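Sequence order for the protein chains is A, B and C.
Counting in the working numbering, the final residue of the first sequence is number 361, and the numbers go up one at a time with none missing.
Counting in the working numbering, the final residue of the second sequence is number 302, and the numbers go up one at a time with none missing.
Counting in the working numbering, the final residue of the third sequence is number 763, and the numbers go up one at a time with none missing.
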Amino acid sequence: MLKLKYFELFRTLAVVLIALLLTMLFILLISDNKLETMRIFLAEPVSSRSHVGNVIELAIPLIFTGLAMALMFRMNLFNLGAEGIFFFSGLVAAAVGIQTGLSPFVHPLLAILAGGAVGSMIAFVVGFLKAKWDANELVTSLMFNSILLGVGLYILNYFLRDASAYTTSSYKIAATAQLARIIPGTRVHTGLIVALLLVVLVYLFVYKTRWGYELRMTGANRAFAEYSGIKTGRTIVYVHLISGFIAGIGGSIEVLGMHPRFDWTALPGHGFDGALVAMLAKNGPAAVVLSAFFLAYIRVGADMMSRYSDVPAEMLAVIQSVILLLVSADQFLKFWKNRMLLKEAQKNG
Amino acid sequence: MDKLLEILFTTEFAYSIFRVTTPILFAALGALLSNRAGVPNIGLEGIMLTSALVGVIVSAYTGSAWIGLLGAAAGGMLLAWILAFFTLQLKTDVILGGIAINAFASGGTVFILYMLTGEKGTSSQLASKMLPEVHIPLIRDIPVLGPILSGHHVLTYLSIISAVFVYWLLKHTPLGLRIRAVGENPKAAQSVGVRVKRTRYIALVLSGLFASLGGAFMSMGYLSLFTRDMTAGRGWIALAAESMGRSTAVGTTATSFLFGFAQALSNALQLLKIPSELIQTVPYLATVIGLVIYAWQRTRKAQKGG
Amino acid sequence: MAEAVLEMRNITKVYPNGVVANRDVNFSLAEGEIHALAGENGAGKSTLMKILFGMEDPSEGEIRLRGAKVRFRNPQDAIAAGIGMVHQHFMLVPSFTVAENMILGMEPKRNGVMLNLREAVRITEEVARKYNLHVDPLAKVENLTVGMKQKVEILKALVRGAQILVLDEPTAVLTPQETAELFEELKMLKKNGHTIVFISHKLKEVKAICDRITIMRAGRTEGVFPIDAVSEQDITRLMVGRDVVLKYEKDGRPYGKPMLRVNGLTMAGAHGKLVLNNVSFSVREGEILGVAGVEGNGQTQLVEAIMGRAAGAAGTVEVDGTEIGRLDIERVRAQGVAYIPEDRMRQGAAGSASILDNLISTRYKRKEWNIGPLLNRKKMWKLSESLIEAFQIKASGPAQPIGMLSGGNMQKVVVARESDANPRVLIAEQPTRGVDVGAAQIIHHKMLELRRQGCAILLLSADLNEVLELSDSLIVMYEGEIVAYFDNPSELSEQELGLYMLGTKRQDAERIGRARHA
């Protein structure tokens, strides 16, 4: 039994390895100074304190969206709305952050909670439609992403825009709202602590509470959960509320921690990355942290590569899709798994 | 309001509905085939986008728009085949596989573009070709209907023909019968010797073909070049159209036109003084409303029947 | 004896997960005979036939058809060689017509490309006439009765040129009358020179129609005999390794008050037709009330109505005087109602979840299982261990995913969960379907134990043997109505029961009214 768990880990590591090898292959084919580019990709992210900081900064929003998506995937719900919520909640937090006259402790808290609440409400709509009328949550959530982008840009351009700024962005966010830096020499902010705390809370929630139990059973077999007395419709809705809240505070924290003004004019992409993070982590809250750091690492590596060398960062999109395909491929390395099962069965009898 | 009505009741507007529906209809037909076979193709968006790029590249390098179209089709079918391989052989969840295809397309197209032209945003450097418009001799002279029905891009006409073709395929050919059987009860099909996997491969590759035609239209008809993320969610709208169309050829065509109408409407509204950011949300909003109504009806029917 | 038309020699099949489904099995078929293949679930008969039909590859061994060695890589090979299979779960596409199902995979074409549906209809009519099995080519399969569907299945095999027909548990879903019809058809096919393999564990039927019998147990063949040379007792002994006769000792305790009371339950279905029509009965404390009837006559809806899942049903359902018909499942269960669903994979258990998770699904909310906001996992673990032991569940521990257990063991988990909470009412739907004899015994004993403790049990089962043996009283449902009530079912013959199940016979209202338990 234990061996099976290790097998899953082994398979994930195999996928990671293949991803790295593919990257190396790309570099070999494209770059003019191959070894140097490889070095940049692999080693540059940890070569200096500020670079390590970059990795951590990127990992923070990925932990949030990864958790949000992990909860969804556990329920077999393919709601990809974290993307739109992340964006829009960031805007909401910025709107609160622009106001002045609040204490430096209350201000960010208020902004983040506002963002989380809005995220919850948006996710609630999708969840409600799914629970009540079985509306396809994949398509509705994707549509919401585009709708939120449009509405958000409208609000930005007509209400929050600072015409004196060079780029399309909002008024400056008050210093009292911005999140404090915790690692000198980097831009890593207190959001990291919130993220890690959240991981622990989500873990406890999913595995150790009765609501987490309802979540897991509804995701495993909805009919079974219903017949055992679990109100699955309600479960779907509150999982959406929680997931939306997490994605919402993720977006808020990202804006308050990393941006002096709100300046996103397109969907930032963290929501979709969260899906990859969750899948790589097999929806386990603790594994989400590792997975987020891994993705952040290769992202920063790719960025460095495109900055200091001649391979564009978009190459990573190809690598990411390969990871996606392999990590969810049941049959990948299946013959190994079967051999292990056979040995186990022979041992037992 | 009056101004709005003025804009709507013109032949230009009616003409634009056909034009705008084309990519949606193509992709929706693809969704229909794969869905009926039991392997929903979520990667249509990504296939469309990739085909749009391939069409541009091939037409630029060969100097021929038609060869570009072939290239686009080949590219789309190849991507669909990859999805089929991972889904049917390696047992990847078909939805996650589709998401992976989309992830690949979004960044991958920019990557390939950059590798070839050094540009990341558009393919303007490439001298890509456009496919022609067709002016039908007698029809174009009919008052009112003429300007609406004639003068469309060749792929627009092809999309209508494709809709008829898919209808005929599903209802009147052995392949169509097998596709429907494989989607409804694969065990039954297998027990009489129908090769379930092979039929599903075919369905997926066909869906890739249709999606690629939609993509080719985007970059060689609607516009004359490739820009990043130019499909802008049409693949998703197509999925919604297929779902609302009750997985039938006729229904899917009808709903595709419905969403095309919504998109044409949002284009027309830009002429009025409504903020463009909000207008852009109209097609997506329409899709959500459409889906919700459909889901609500379906639930009500099931409750009555149960 | 006629020459062996089919021989399967030394067949061994080991699955990748280590399960040995067939161990050096020998099976030979004589031309023109009806040959029974008997064995419990898990004995290996399905695997053997899957190998024959090209759906599985044997790990070892060979197949010889009329002396020549053959290898079937897929069903098409087997079909081409003249082997046809009628599966237990019908392999039909519900939305297609009979004709479309008939020609699927061998579609007649017009102009080489188009589907020729008229020809399909003609082929269907021709083969139906030839074998005297009447079907309507244009009817949609989803609208057919079970007996009709089976005819289509048989014709499907025959139209593809099957000389050897394998029938897998063909009478599992038929009434006694439909079974008799089937036997006539089989006799006729035999006369026409076809050879038939009859897979069943209904020994009375096997005795009635077969010429020889091969018995399998635990992946091995226990022997092949002419049917007259072995008694039912002999066959059972060889199938399970001991004399298992389904006879239970029941004490003659008096019943208590009516615990579950159903009154005037009426419900309309999709097309306005009534699926439940004024159903009234009660189950007393310490009583097992059996519900007999062909599947689809309202039994499923009855259970739905009791469990509070049927909106728009008129009438009342009460547990000890408390109306439960409009309550949600959680509150119904709070009244002491336990439920063993007929489809354990769909409603009874969550395959990917652990045994522990499946055992506590009805209790996890209660205070005694929680410490504040957290679940008391330790207590749940102990409970699981004790239940695993009490029910002799073959598993590696409470953490094992339930999906890895065999059907019988999985059902034991379901029964353990439902019976452990001291229910006042137990609704048992097909409690031993697809379950091996040993597990079935344990489940029956548990039900009888609950009966002794005063539980009121409603037993719905298509296994007439089970229903007649376990029930203290019996109602028969036909087209949503109760058409008969018996308070001494062990004296009832299967033939008589079959007449009520088919609606041919019907008791008067006064006798049916006794089901209310005055």
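Positions of the beta carbon are idealized from the N, C-alpha and C atoms, including for glycine.
On a predicted model such as this, the values are computed, not experimentally measured, just so you know.
| If you run the structure through DSSP and keep just helix, strand and coil, what is T251 (chain B)? | On the second sequence, residue 251 (chain B) is found 255 positions in, with the first residue counted as 1. In the structure shown, T251 (chain B) sits in a helix (DSSP, three-state: H, G or I).
| query | Which term fits F76 (chain A), buried or exposed, when burial requires 16 or more other beta carbons within 10 angstroms of its beta carbon? | reply | Position 64 of the first sequence, counted from the start, is the residue given in the question as residue 76 (chain A). It is buried - the Cβ of F76 (chain A) has at least 16 other Cβ atoms within 10 Å.
| task | Could you list the residues in the region 319 to 334 of chain A with a C-beta less than 7 Å from some C-beta on chain B, going in chain order? | result | Taking 7 Å as the Cβ-Cβ cut-off against chain B, the residues of the region 319 to 334 of chain A that qualify are P324, E326, M327, L328, A329, V330, Q332, S333.
| CB contact check: N181 (chain B) to chain C, cutoff 7 Å | In the second sequence, the residue the question calls residue 181 (chain B) occupies position 185. For N181 (chain B), the answer is yes, since a Cβ of chain C falls inside 7 Å of its Cβ.
| field | Per-residue burial, G743 (chain C) [other beta carbons within 10 Å of its own, 16 or more giving buried] | value | Taking the third sequence and counting its residues from 1, the one referred to as residue 743 (chain C) is at position 498. By the neighbour-count definition (other C-beta atoms within 10 Å, threshold 16), G743 (chain C) is a buried residue.
| Mind checking P133 (chain B): buried by the 16 CB within 10 Å criterion, or exposed? | Within the second sequence, residue 133 (chain B) is the residue found at index 137, counting from 1. P133 (chain B) is exposed by the Cβ-count criterion.
| Distance between beta carbons of V380 (chain C) and M359 (chain C), contact taken as under 8 Å | For the purposes of this step, residue 359 (chain C) is identified with residue 114 of the third sequence, where counting begins at 1. For the purposes of this step, residue 380 (chain C) is identified with residue 135 of the third sequence, where counting begins at 1. No, M359 (chain C) and V380 (chain C) are not in contact; Cβ-Cβ is about 25 Å, not under 8 Å.
| said: Less than 7 Å between CB atoms is the rule here; does I324 (chain C) satisfy it with respect to chain B? | reply: The residue you call residue 324 (chain C) lines up with position 79 of the third sequence. By this cut-off, I324 (chain C) is an interface position.
| Since A192 (chain A) contacts H201 (chain A) with CB under 8 Å, what's their CB separation in whole angstroms? | One-based indexing of the first sequence puts residue 192 (chain A) at position 180. One-based indexing of the first sequence puts residue 201 (chain A) at position 189. H201 (chain A) and A192 (chain A) do touch by the CB rule: their CB atoms are close to 6 Å apart, below 8 Å.
| task | Please say whether A71 (chain A) and A304 (chain A) have beta carbons closer to each other than 7 Å? | result | Working through the first sequence from its first residue, we reach residue 304 (chain A) at position 292. Working through the first sequence from its first residue, we reach residue 71 (chain A) at position 59. Cβ distance < 7 Å, so A304 (chain A) and A71 (chain A) count as in contact.
| Hey, quick one: how far does the alpha helix (DSSP H) through G560 (chain C) stretch, first residue to last? | Residue 560 (chain C) sits at position 315 when you count from the first residue of the third sequence. Run containing G560 (chain C): none in the alpha helix (DSSP H); it sits in the beta strand (DSSP E), 559 to 564.
| G217 (chain B), DSSP secondary structure in three states | Here residue 217 (chain B) refers to the residue found at position 221 when the second sequence is read from its first residue. Reduced to three states, the DSSP call for G217 (chain B) is helix.
| message | Please list, in chain order, the residues of the region 63 to 96 of chain B that have any C-beta partner in chain C closer than 9 Å. | response | Against chain C - using a Cβ distance shorter than 9 Å - the region 63 to 96 of chain B contributes no residues.
| query | Between L304 (chain B) and the rest of its own chain, which residues show a CB-CB distance below 6 Å, the 5 nearest in sequence each way excluded? | reply | No statement about residue 304 (chain B) is possible, as the shown extent of chain B runs from -3 to 302 and does not include it.
| task | For V151 (chain A), decide whether its Cβ has a neighbour in chain B, counting only Cβ atoms nearer than 7 Å. | result | Stepping through the first sequence from its first residue, residue 151 (chain A) is reached at position 139. For V151 (chain A), a Cβ of chain B is located within less than 7 Å of the residue's own Cβ.
| task | Verify whether the separation of the beta carbon atoms of F14 (chain B) and L209 (chain B) is less than 7 Å. | result | One-based indexing of the second sequence puts residue 14 (chain B) at position 18. One-based indexing of the second sequence puts residue 209 (chain B) at position 213. No, Cβ-Cβ distance for F14 (chain B) and L209 (chain B) is not below 7 Å.
| Which residues bound the alpha helix (DSSP H) around V582 (chain C)? | Walking along the third sequence from the start, residue 582 (chain C) turns up at place 337. Taken as a continuous stretch (DSSP letters only), V582 (chain C) belongs to no alpha helix (DSSP H), being part of the beta strand (DSSP E) at 582 to 585.
| request: Specify, as a first and last residue, the run of the beta strand (DSSP E) that A323 (chain C) falls within. | output: Position 78 of the third sequence, counted from the first residue, corresponds to residue 323 (chain C). From DSSP, A323 (chain C) is part of no beta strand (DSSP E) but of the alpha helix (DSSP H) over 320 to 325.
| message | Looking at chain A, is there any beta carbon in it that lies within less than 7 Å of the beta carbon of R506 (chain C)? | response | As a working note, residue 506 (chain C) is residue 261 in the third sequence. So no, R506 (chain C) is outside the interface.
| query | How about H762 (chain C) and R529 (chain C): do their beta carbons lie closer than 7 Å? | reply | In the third sequence, the residue the question calls residue 762 (chain C) occupies position 517. In the third sequence, the residue the question calls residue 529 (chain C) occupies position 284. Contact flag set, yes.
| message | If the cut-off is 9 Å on Cβ atoms, which residues from the region 228 to 250 of chain B count as contacting chain A, listed in chain order? | response | A228, G229, W232, I233, L235, A236, S239
| task | Kindly provide the ranges of any beta strand (DSSP E) runs that are 3 or more residues long and lie completely inside the region 378 to 463 of chain C, ordered along the chain. | result | Listed in chain order, the complete beta strand (DSSP E) runs (minimum 3 residues) inside the region 378 to 463 of chain C are 409 to 413, 440 to 444, 457 to 462.
| What does L620 (chain C) pair with, by DSSP beta-bridge criteria? | To locate residue 620 (chain C), count along the third sequence from 1; it is residue 375. According to DSSP, L620 (chain C) bridges with C:N615.
| Separation of G162 (chain A) from G617 (chain C), as counted between CA atoms | Counting from one through the third sequence, the residue named residue 617 (chain C) turns up at place 372. Counting from one through the first sequence, the residue named residue 162 (chain A) turns up at place 150. Computed Cα separation, rounded: 44 Å.
| Beta carbon of A281 (chain C), beta carbon of I458 (chain C): below 7 Å? | By 1-based counting over the third sequence, the position of residue 281 (chain C) is 36. By 1-based counting over the third sequence, the position of residue 458 (chain C) is 213. Yes; because the gap between Cβ atoms is below 7 Å, this pair is in contact.
| field | When C:G312, C:T416, C:T257, C:R374 are compared against E301 (chain C), the one with the closest alpha-carbon | value | As a first step, residue 301 (chain C) is located in the third sequence; it is residue number 56 there, counting from the start. Among C:G312, C:T416, C:T257, C:R374, the Cα nearest to that of E301 (chain C) is on C:T257.
| Strand pairing of K258 (chain C), partner residues [DSSP] | Against the third sequence, residue 258 (chain C) aligns to sequence position 13. K258 (chain C) pairs with C:N267.
| Start and end of the alpha helix (DSSP H) containing R696 (chain C)? | Looking up residue 696 (chain C) in the third sequence gives position 451. 682 to 697 is the extent of the alpha helix (DSSP H) around R696 (chain C).
| Using a threshold of 6 Å, is the CB atom of Y745 (chain C) nearer than that to any non-hydrogen atom of the ligand NAP? | No copy of the ligand NAP occurs in the structure displayed, which carries no ligand at all.
| Rounded straight-line distance, which links the Cα of N733 (chain C) to that of R759 (chain C) | As a working mapping, residue 759 (chain C) is identified with position 514 in the third sequence. As a working mapping, residue 733 (chain C) is identified with position 488 in the third sequence. Using only the alpha carbons, I get a separation of about 13 Å.
| What number of angstroms, rounded off, separates the C-alpha of D630 (chain C) from the C-alpha of L695 (chain C)? | Numbered from its first residue, the third sequence carries residue 630 (chain C) at position 385. Numbered from its first residue, the third sequence carries residue 695 (chain C) at position 450. The question names Asp, but residue 630 (chain C) is Glu in the sequence shown. Spanning the two alpha carbons is a distance of roughly 21 Å.
| said: Give me the DSSP bridge partner(s) of F470 (chain C). | reply: Numbered from 1 along the third sequence, position 225 holds the residue referred to as residue 470 (chain C). Note: F470 (chain C) sits in a beta bridge opposite C:I458.
| field | Selected residue, minimal CA-CA separation from A288 (chain C), among C:V259, C:T466, C:Q408, C:L378 | value | Indexing the third sequence from 1 puts residue 288 (chain C) at position 43. Residue C:T466 is the option with its Cα nearest to A288 (chain C).
| What does a CB cutoff of less than 6 Å around E327 (chain B) pick up in its chain, not counting 5 residues either side in sequence? | Here chain B covers residues -3 to 302 and nothing more, so residue 327 (chain B) does not appear.
| request: Provide the residue(s) that pair with L335 (chain B) in DSSP beta bridges, ordered along the chain. | output: Outside the displayed range of chain B (-3 to 302) lies residue 335 (chain B), so it cannot be described from this structure.
| field | Contact check, R196 (chain B) vs A96 (chain B), beta carbons under 7 Å | value | Position 200 of the second sequence, counting from 1, holds the residue named residue 196 (chain B). Position 100 of the second sequence, counting from 1, holds the residue named residue 96 (chain B). No, these two residues do not count as a Cβ contact at 7 Å.
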